[in-house]
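Here the structure comes first, spelled out in structure tokens, and everything after it is commentary.
Number of protein chains: 2
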Amino acid sequence: MATTPSVTDQETRQRLIQAAARLFAERGFNNVTVRDICGEAGANVAAVNYYFRDKWGLYKEILQGIIEYQKRTSELAHDAGEGKSPEERLHHYIRVFLQRALAGEGRESCPGKLVGREMTDPSPALDLFIDEAIRPNSVRLGALVAELMGLPATDPRVGACVGSVQTQMVGLMNPVAARLVPGLNTPAVIDGIAHHIAVFSLGGIRAIAQQKPVWTKPEVKQ
Amino acid sequence: MATTPSVTDQETRQRLIQAAARLFAERGFNNVTVRDICGEAGANVAAVNYYFRDKWGLYKEILQGIIEYQKRTSELAHDAGEGKSPEERLHHYIRVFLQRALAGEGRESCPGKLVGREMTDPSPALDLFIDEAIRPNSVRLGALVAELMGLPATDPRVGACVGSVQTQMVGLMNPVAARLVPGLNTPAVIDGIAHHIAVFSLGGIRAIAQQKPVWTKPEVKQ
DNA sequence: AACCGATTTATACAAGTGTTTCATATCGAT
DNA sequence: ATCGATATGAAACACTTGTATAAATCGGTT
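These protein sequence lines map, in sequence, to chains Z and H.
In this text, residue positions in the first sequence follow our numbering: the first is 1, and each later residue adds one.
In this text, residue positions in the second sequence follow our numbering: the first is 223, and each later residue adds one.
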């Protein structure tokens, strides 16, 4: 009974973050008004500016949290099958990754939604996100795939296979996927999908590995 | 000499559609103002409302055009390898699909950008898009995959493989992909990627086909 | 009780938005 | 040349948006 015992009894700041995360994930940064957020959080219109300086400050804070979450996800996903065979490690990696991305954190403001949105509708914070969350993950996944293929991690075929695996996972993080796959975000369904992606990708990786490198990456700019 | 010979000499209506398509694809519906569009089209602020009733009318018209384009793309992509083996048909399908989605129509307002955006940031017109552009395409692709797997098209494993193929293609239609793959939207690079996806997917399909149906689709709602 | 910093409130502001209005211009047909 | 339909133009409206302000309220300390 510190403040108004109206909503749940927690710091206004926390309620703002929670409400905003859900709304941003649901509708995107520009389709959510400060009044929406404050309304849902049971706070005054000025609360956002008081605690976060401006609407962008709030968004950045949320995105920062998601970056941390995503980094942790990558670590957990990679460490999941430690000691096992590369094939099993890939399977574990996919499963843990999808579990945390699709169902994580109370199913409402699931991080995947916001991530997927940030990728199609890049905000100025996208660079940060790519550098801190996506790239390190790609590197470790690349090492694993390279091991599976028996090729150096720099081989363009490795990069291409990493892309194939990642797009299959990221593709599940958007509203259309959620609509086409009924029970998405329930653990059982996610496990099934992870199993499919693992088997499918292992087959694909094997197929790519045992053929000439027809595709030489052109104008390697980076 | 008809109207103002200022910009290029074409109907204002057409210039509006062209400018708006580019801007919507670039920044999304809500991040483009009517004044932006009219400014770029060299038209008055009232032009949008005069020709399209309101901003939404303009967007719907553009989306309608993209739906037609996408339907045509599906037909072309499926007919590309007619008479050839299923494997080759899949390869042709992927190549034609990507060519038209990523490089089509003057590289600026490439349809894929808007499609990808519509999928993450669903507008009320998304249902139309799913029903008219995505589903028929999935059905035909499903038939092809079923043939490849030697399974009935209703087998859940077929649907899962279709999803894997599609997510790999759709995944290329967003800004992050364009940033990670340097020369995307040039025909040569697209051909290389199409080849990779084809080989990878054929390997994946084969791997899934020759194992028990571990994943039974839960609560088949549709 | 009185004070003080931190928080919450109600209200207002300035800028930007989609849309409307109505006057003017343009062009083809009579 | 005149008329009528179509198209364009400048200005303004009504509304929403993010943000700022100043007063009011609260909780703890002296």
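A virtual CB, placed ideally from N, CA and C, is assigned to each residue, including glycine.
Beta carbon proximity, residue i to chain H, threshold 7 Å
i: A160 (chain Z); result: yes
i: H196 (chain Z); result: yes
i: I208 (chain Z); result: yes
i: T120 (chain Z); result: yes
i: L203 (chain Z); result: Here the sequence assigns Gly to residue 203 (chain Z), which means Leu is not the residue at that position. Closer than 7 Å to some Cβ of chain H, the Cβ of G203 (chain Z) qualifies, so yes.
i: P175 (chain Z); result: yes
i: V199 (chain Z); result: yes
i: S164 (chain Z); result: yes
i: G268 (chain Z); result: Within the shown structure, residues of chain Z are numbered from 1 to 222, placing residue 268 (chain Z) beyond reach of any answer.
Any C-beta of chain Z under 7 Å from that of residue i
i: N266 (chain H); result: no
i: M371 (chain H); result: no
i: R339 (chain H); result: yes
i: V254 (chain H); result: no
i: N359 (chain H); result: no
i: A242 (chain H); result: no
i: T389 (chain H); result: yes
i: G250 (chain H); result: yes
i: G303 (chain H); result: no
i: G393 (chain H); result: yes
Whole-angstrom distance between residue j and residue i, CA atom to CA atom
i: G250 (chain H); j: L148 (chain Z); result: 40 Å
i: A299 (chain H); j: G57 (chain Z); result: 46 Å
i: V199 (chain Z); j: I352 (chain H); result: 28 Å
i: I134 (chain Z); j: D127 (chain Z); result: 10 Å
i: K84 (chain Z); j: Y315 (chain H); result: 38 Å
i: T389 (chain H); j: I66 (chain Z); result: 23 Å
i: T342 (chain H); j: V176 (chain Z); result: 7 Å
i: V451 (chain H); j: A302 (chain H); result: Beyond the ends of chain H as shown, which are 223 and 444, falls residue 451 (chain H); an answer cannot be given.
i: Q240 (chain H); j: R275 (chain H); result: 17 Å
i: A2 (chain Z); j: E11 (chain Z); result: Low local confidence applies: a pLDDT of 37 at A2 (chain Z) is under 50, so the model's placement there is unreliable, with the coordinate-based value given in what follows. About 9 Å.
i: I193 (chain Z); j: V181 (chain Z); result: 10 Å
i: T255 (chain H); j: Q211 (chain Z); result: 50 Å
i: G183 (chain Z); j: F97 (chain Z); result: 17 Å
i: M173 (chain Z); j: E290 (chain H); result: 26 Å
i: D258 (chain H); j: R72 (chain Z); result: 41 Å
i: A400 (chain H); j: E304 (chain H); result: 31 Å
i: V158 (chain Z); j: P187 (chain Z); result: 30 Å
i: I197 (chain Z); j: H418 (chain H); result: 17 Å
i: R13 (chain Z); j: Y51 (chain Z); result: 7 Å
Residue range of the unbroken alpha helix (DSSP H) whose run includes residue i
i: A80 (chain Z); result: Note, A80 (chain Z): premise wrong, no alpha helix (DSSP H); not H, not E.
i: D349 (chain H); result: L348 to F351
i: I208 (chain Z); result: P187 to A209
i: M169 (chain Z); result: P156 to V170
i: L336 (chain H); result: P333 to T342
i: P136 (chain Z); result: R135 to M149
i: V398 (chain H); result: P397 to L402
Of the listed residues the options, nearest to residue i (C-alpha basis)
i: L202 (chain Z); options: Z:V45, Z:L63 and Z:R89; result: Z:R89
i: G204 (chain Z); options: Z:V170, Z:A160 and Z:I190; result: Z:A160
i: L336 (chain H); options: H:R244, H:Q432 and H:Q232; result: H:R244
i: I284 (chain H); options: H:Q321, H:V387, H:A242 and H:G261; result: H:A242
i: R95 (chain Z); options: Z:R15, Z:V165, Z:I208 and Z:C38; result: Z:V165
i: P156 (chain Z); options: Z:I208, Z:T186 and Z:L102; result: Z:I208
i: R100 (chain Z); options: Z:S74, Z:E82, Z:P124 and Z:N30; result: Z:S74
i: E118 (chain Z); options: Z:E26, Z:R140 and Z:A153; result: Z:E26
i: L144 (chain Z); options: Z:K55, Z:H195, Z:A178 and Z:H91; result: Z:H91
i: G42 (chain Z); options: Z:R15, Z:H196, Z:T186 and Z:M173; result: Z:R15
i: N407 (chain H); options: H:A269, H:G334 and H:C260; result: H:G334
i: G338 (chain H); options: H:Q292, H:R428, H:I419 and H:C260; result: H:Q292
Fully enclosed by the stretch 16 to 53 of chain Z, which alpha helix (DSSP H) runs are 4 residues long or longer?
Correct list: 34 to 41 and 47 to 52.
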